[in-house]
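In the working numbering, the protein residues as written are 1 to 894. Where a beta carbon is used, it is the ideal one built from N, C-alpha and C, also for glycine. All figures in this text were calculated on a predicted structure; none of them were measured in a lab.
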Amino acid sequence: MKEASPLPPRLPLRLFRAFCDPNLRIYIEGDLIELHQERVETLGKRKADLRFAWDVLLLFRPGIIRPLGFTPHLNHSAMYRNYFKIGFRNLLKYKTFSFINIFGLALAMSVSMLILMMLAEQTSSDQFHEKKDRIYRILSDHEGSRNQYATSPQPLAAELASYPSVEATTRLIPGIGGDAIFEDKTKGINGLFADPGFFRLFSFPLEYGDPASALTAPYSAIITKELATLLFRDESPLGKTIQLQDQRTRITDAKDSTQTVALDWGNFTVTGVIDRERYPSHLTFDILVSDSSMPSLITAGKLEDRREDWTYFFRTYTFALLQEGGSPEELNANLNDIVQRRAEEIKADHTKGFKMASQPLPDVALGIVNNDTSFRLPMFAYYFLIGLALAILASACLNYTNLSIARALTRAKEIGIRKVTGAFRKNLVAQFLSESVLTALLALAIASLLLLALIPFFKGLWVNQFLNLQLPFFPSLFLGFILLAVVVGLIAGIYPALFLSGYQPIKALKSLSETGGAGKLRLRKLLGVSQFVVSLFFITTSILIYNQFKHYMAFDYGFQSENIVNIQLQGLDYEKLRGEFERIPGVSTISACDIIPATGTNNNSQIRVLGEQSDYRSVGILHIDRNFPENLGIEMLAGSAFSANEQLAESQILVNEAMAKELGYPSADAMVGLQFESKWGGPLLTVAGVVKDFRYKLLLNEHAIAPLMLRYDPKQFQYVNVKIASPDLMQTLAELEGHWKKLDPVHSFSYQFLDEEIEATHRGLFDVVSILGFVSFLAIFIACLGLLGMTTYAAERKTKEVGIRKFLGADNFSITLLLSKGFLQMLALSIALGAPLSYFVNKLWLENLPNRVDFGLGTVLLGSLVLLALGVLTISSQTIRVARSKVADTLKVE
């Protein structure tokens, strides 16, 4: 028997058959195989296979490669113009479906564009620095901390600069707050102490001054262009002297206490001007003061001396510039080395497990940590917003997909004719994708107009007073928006394009009904159901959060807040101001405190019962005067108020019920006379009385009321609380302002009503309600648009059937029910799936919320009724119209 001829390797042979022109393959392939057989006999099978593969690669060249399916003379640009022309005509031909698709996509894209603008602004921060890729911020952390700190010990910068991997360091120290005064002009400011190394790291251009020397001399200052314009108008600010006065920054230290300072810091020479608005940065300041000014301020007792304090890491921002080629791993190793070498100096109760780490400057804007320089949205908030935008975009894309598949029967004959006349499937896919991209581009134009309305809405949100997002338009955003439109168009159109282009010509031309089967109908219903499930979730969540907001607004805080005005002291003497205000007839009671309870700010102290050896307890602390409990209607349960003797009163405290319960005392009376010692030293604190529990923390932060002590300390007072008894509030406020101006003509009269201030703390929650409500509106509106399109198409397809049924005696109600039945079942299925999902998902996050509102099936039922009502209204708008049409008109429809 003759031995079979050796076969060439299969993979190279398949590759050759894939790329070779079919007209040439029959000739070339035979020669290749014959040559391979000869090489097997002379060289062996292995070498012959390798030479065969090499020959195949050599044949991969123009003239042998198969054509791509287009004739050489085809004008591609004309072809694509034709695709878009046909797409535009189809949009005009099917106006209802075009409107639904374009407007739905426009609504979804406008939200996505707003989020893109927010991200673009936040990520543009600090991008102008020339050495940004080598600059790192030093973060601190300690055992038990929930988040890292943006601050670090003050001596760190000098220590870190000694390492070879570090080219330079700089430190920024907050604490400048008060007024900048030039002649008769005054401006409130906040600023930082900065060393000369600031400009070695950061590339802030100076409009006036020399960066090399601007922060060298003591009592020199760089101010922002805005401050320079206000103080000096059109004059050159260089060399001018400004006075820094009334430094009233609240200084938070490791003891979680505060002090208020109102001092004259002296005169400072302007050595530079920065136009900070042109250079967005996470560093916010009105003035930079040379840190060589600090020693004299410390000597004068106007600043705390933390220059060699390694335990205090709460008030200094340290930045390091790595050498060229340096790595963050080296920097982190340096930081670990410093922590180990300085372990004894760092050692303190609040520095257990202390460590430091580096953070790249470009990453600073992408999150927020403790003691950060400015407030901004953390990345998880952007993930949440992006998730909402994707849900809305997906709903709009599903609309396009759903309606395109529903219209498949209408376009089946068109597809069949195109295929019969020679169109390839890829040509049809390109045409349908061009239609979807054209739809998305038209939606982009409308979305741009909607965006102009969204921007003021977002800027008006309460939370934006802290975010301070201006939403400028960057040129790169234009390309981003176009790319978004193209991607959305491709995603929305890819499945309909593949589905429609897959029709067989014979079936498409022979019977239109054969092209759309039950499977496609089930797919359309599945897409519709998914839209309404998402809509129901958003509706239910919006109702729940709104109920939570109302619950907080009606909450009993345990004290009276009506007709009480809180006025900032701004360094003014409390006793003098109280004497002035007591002369006003409309004033009832006056008190003072350091922080306003239940508004988001709270301080703690560490105390324990005298004689006990147990650990110190962390308790809240509020500094008040003698009138505070009476002014706010806080009930005294046992003991008495502070003594009239100043010295005795400063060693007394009032405690709340929660503190008595935590210490295990059976009654409030048993607490009176008890003495406590503070972890931070000072006089023994004696309990003078026990007050009824009241809320002093945010409702969002605490479910049960925590232990609290109230202490008499006039040095800590920040606010005057004035209760107004007069029915004419505005007149009394005008008189209060008049008396204020007598004592302090420089500072403005800054006040806020207590009830409005408490209400403002929950405006962030109201913003969430507004955003989710808006998203819910978009979700249900887009879903209803899709449902409208489906019912319109179904009604048009069954118009002649309706006429025949009416001719045979069917009434309007039965016809309406017939046309609506499938869509009502879809709505019922959406509620059956969406209601349990909405309940359990919302139950999960609500369980972790303090002081939560009751959440039961009633909220889900209300959301379901809203969804059902909107769905039925949408369906009936078309089905009733067709059911009421005349028989003669329906039978004329082709």
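Express the C-alpha separation of residue j and residue i in angstroms, rounding to a whole number.
i: F432; j: I405; result: 12 angstroms
i: A497; j: V533; result: 26 angstroms
i: A794; j: K413; result: 19 angstroms
i: P12; j: R425; result: 28 angstroms
i: F559; j: M659; result: 18 angstroms
i: M118; j: N464; result: 11 angstroms
i: V166; j: A357; result: 14 angstroms
i: S448; j: S110; result: 7 angstroms
i: A883; j: C784; result: 20 angstroms
i: L849; j: L700; result: 7 angstroms
i: T540; j: L788; result: 22 angstroms
i: P817; j: R376; result: Inspection of the sequence shows that residue 817 is occupied by Leu rather than by Pro. Answer to the nearest angstrom: the Cα atoms are 53 angstroms apart.
i: Q148; j: Y382; result: 20 angstroms
i: D55; j: D133; result: 49 angstroms
i: G516; j: K93; result: Bear in mind that the predicted position of G516 carries a pLDDT of just 48, short of 50, making it too unreliable to give a figure here.
According to the neighbour-count rule (16 or more other Cβ atoms, all chains shown, within 10 Å of its Cβ), is residue i buried or exposed?
i: M730; result: exposed
i: T732; result: buried
i: P896; result: Since the displayed the chain opens at 1 and closes at 894, residue 896 lies outside it and no answer follows.
i: W265; result: buried
i: N267; result: exposed
i: S820; result: buried
i: Q245; result: buried
i: R278; result: exposed
i: L483; result: exposed
i: Y839; result: buried
i: H703; result: exposed
i: I26; result: exposed
i: W310; result: buried
i: L61; result: First, the amino acid is wrong: residue 61 is Arg here, not Leu. Flag for R61 reads exposed.
i: Y495; result: buried
i: E308; result: exposed
i: R10; result: exposed
i: L452; result: exposed
i: D195; result: buried
i: I417; result: exposed
i: V437; result: buried
Is residue i helix, strand or coil by DSSP?
i: Q718; result: coil
i: K187; result: strand
i: E308; result: coil
i: P707; result: coil
i: H350; result: helix
i: T216; result: coil
i: L818; result: helix
i: K697; result: coil
i: L13; result: helix
i: P72; result: Any reading at P72 must be qualified, since the residue scores a pLDDT of 48, below 50, and its modelled position is unreliable; no value is offered.
i: T169; result: strand
i: I853; result: Just to set this straight, residue 853 is Val in the shown sequence, not Ile. V853 falls in the coil class under three-state DSSP.
i: V746; result: coil
i: S56; result: The amino acid occupying residue 56 in the given sequence is Val; Ser does not appear at that position. Three-state result, V56: helix.
i: D767; result: helix
i: F581; result: helix
Does residue i have its Cβ less than 8 angstroms from a Cβ in chain D?
i: Q716; result: Any reference to chain D falls outside this structure, which holds one protein chain only.
Does the Cβ of residue i lie closer than 7 angstroms to at least one heavy atom of the ligand NAD?
i: I64; result: This structure lacks the ligand NAD, and indeed carries no ligand of any kind.
Could you say if the stretch 121 to 138 and the stretch 801 to 814 meet the contact criterion of at least three C-beta pairs nearer than 8 angstroms? The answer is no - the stretch 801 to 814 does not touch the stretch 121 to 138, with fewer than three Cβ pairs under 8 angstroms.
Does the contact criterion of 3 or more C-beta pairs under 8 angstroms hold for the stretch 284 to 297 versus the stretch 323 to 343? no
So, do the stretch 708 to 727 and the stretch 547 to 558 have three or more beta carbon pairs nearer to each other than 8 angstroms? no
Three or more C-beta pairs closer than 8 angstroms, one from the stretch 622 to 632 and one from the stretch 579 to 597: is that the case here? The answer is yes - the stretch 579 to 597 touches the stretch 622 to 632, with three or more Cβ pairs under 8 angstroms.
Touch test, the stretch 83 to 91 against the stretch 47 to 67, Cβ-Cβ under 8 angstroms, three pairs minimum: Contact fails: fewer than three Cβ-Cβ distances are below 8 angstroms.
Meets three-Cβ-pair contact criterion under 8 angstroms: the stretch 860 to 870 and the stretch 536 to 544: yes
Would you call the stretch 746 to 755 and the stretch 686 to 696 touching, i.e. three or more CB-CB distances under 8 angstroms? no
Segments assigned beta strand (DSSP E), at least 3 residues, entirely inside the stretch 355 to 414: 355 to 360
Three or more C-beta pairs closer than 8 angstroms, one from the stretch 153 to 163 and one from the stretch 176 to 184: is that the case here? Segments in contact, no.
Taking contact to mean at least 3 C-beta pairs separated by less than 8 angstroms, is the stretch 345 to 362 in contact with the stretch 318 to 331? yes
Please confirm if the stretch 339 to 349 is in contact with the stretch 365 to 372, defined as three or more CB-CB distances below 8 angstroms between the two stretches. no
Unbroken alpha helix (DSSP H) runs of length 4 or more, entirely within the stretch 455 to 479: which are they? 464 to 467
Any chance the stretch 646 to 655 sits against the stretch 675 to 692, with 3 or more Cβ pairs inside 8 angstroms? Enough Cβ pairs lie closer than 8 angstroms, so yes.
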